[in-house]
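Notes follow once the structure below has been shown.
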Amino acid sequence: MSTSSENFMCYVFHVEPSAGPMAKTIEAACKLRYQKVLDAHASGRAPSNGKGWSDSLWNAIGSVRDRFSTSLR
1 MSTSSENFMC YVFHVEPSAG PMAKTIEAAC KLRYQKVLDA HASGRAPSNG
51 KGWSDSLWNA IGSVRDRFST SLR
């Protein structure tokens, strides 16, 4: 992800023994958010929670990260 003209950020997840469940959770969160964006644009109004899609995506990723970090403890 590009943050400015010469800065880039990369988030890396390492999950053992398999990252499959985490990948499926992230995929489901992205699909849900995308559907909400489509629904909001179809009705011609902003999302009902007042957040943009990027904020919601970061919240979903944070939620997934928190869920997996607590399950590893």
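Under UniProt numbering, the first residue of the sequence shown carries the number 1, and numbering increases by one thereafter. No residue lacks a Cβ here, since even glycine has one placed at the ideal position from N, Cα and C. A quick note: this is a predicted structure, and the numbers were derived from the prediction, not measured.
For residue i versus residue j, is the C-beta spacing smaller than 8 Å?
i     : j     : result
Met22 : Phe13 : yes
Val64 : Ala42 : no
Arg33 : Ser5  : no
- Message: Suppose only complete runs of 4+ residues qualify. What are the alpha helix (DSSP H) ranges in the UniProt domain "PID" (5-39), listed by chain order?
- Response: none
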